[in-house]
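**Student:** Reminder that position 10 of the sequence shown reads as 222 in our numbering, one-by-one numbering, no gaps.
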Amino acid sequence: MHETAYQITTLTPQQPTANPGLLPTEIPPGVQMVTLPGGARTLAYTAQQAPPAPPVPVVQPIPAWAKTTALLTPTIGGGIAAAGIGLSYAAPGLIAMTNALWAAVALIAAAAIGVPMLLRIGRTTTGKGPTHITQNITASGMFGKANGTINR
213 MHETAYQITT LTPQQPTANP GLLPTEIPPG VQMVTLPGGA RTLAYTAQQA PPAPPVPVVQ
273 PIPAWAKTTA LLTPTIGGGI AAAGIGLSYA APGLIAMTNA LWAAVALIAA AAIGVPMLLR
333 IGRTTTGKGP THITQNITAS GMFGKANGTI NR
């Protein structure tokens, strides 16, 4: 096989060119006009720029309501615990109070029944004796008008 050697030459800026080159708007993306160390200008592919790093999230301050709630939580829990302990100590007293209330209810009920009976007994002892009332009621027919008399 026979290989042909080619000589590569570059144009210097002083040499006239038949092709004036591309306009800047005609250069495809990723290609730039670069100046080589010898002073020649040429088109070259450039390294792709790394995409910008995502923004670092800014730490948000804790809202005031969250701080307040966090500070009140142990206080509320301690208050509930103290109330539970207090109720456990007060349970015997509460049971005694309920028994006293039931006794008061029984006393009121006994008074509601006993006072009228005592008044009735007191009235009969001061009078001439018990009063007897008799009633005579008559009616004729199923839907007839009833008539009655009261005798003492």
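The beta-carbon is built from N, C-alpha and C at its ideal position, and this holds for glycine as well.
None of these values were measured; they are calculated from a predicted model.
To the nearest angstrom, how far is it from the Cα of N359 to the Cα of I307?
**Tutor:** 59 Å
**Student:** From I362 to A315, what does the alpha carbon distance come to, in whole angstroms?
**Tutor:** A straight line joining the alpha-carbon of I362 with that of A315 spans about 44 Å.
**Student:** Which class does M309 belong to by DSSP, given the choice of helix, strand or coil?
**Tutor:** M309 falls in the helix class under three-state DSSP.
**Student:** Please confirm whether V246 and A256 have their CB atoms less than 8 Å apart.
**Tutor:** It is a contact, given that the beta carbons lie within the stated cut-off.
**Student:** Would you kindly report the start and end of the unbroken beta strand (DSSP E) that includes Q219?
**Tutor:** Careful: Q219 lies outside any beta strand (DSSP E) and carries neither H nor E.
**Student:** Cutting at 6 Å between CB atoms, please list the residues of its own chain near T346, excluding the five before and the five after it.
**Tutor:** N363
**Student:** Put I362 into one of helix, strand or coil per three-state DSSP.
**Tutor:** Collapsing the DSSP output to three states places I362 in a strand.
**Student:** Is it the case that the CB of A294 approaches a heavy atom of the ligand MG more closely than 7 Å?
**Tutor:** Summarising the ligand content, the structure contains no ligands, and the ligand MG is consequently not present.
**Student:** To the nearest angstrom, report how far apart V386 and P304 are at their CA atoms.
**Tutor:** Since the first and last residues shown for the chain are 213 and 364, residue 386 lies out of range.
**Student:** Kindly list the residues whose CB is nearer than 8 Å to the CB of R253, restricted to its own chain and excluding five residues on each side of it in sequence; keep chain order.
**Tutor:** P225, M245, V246, T247
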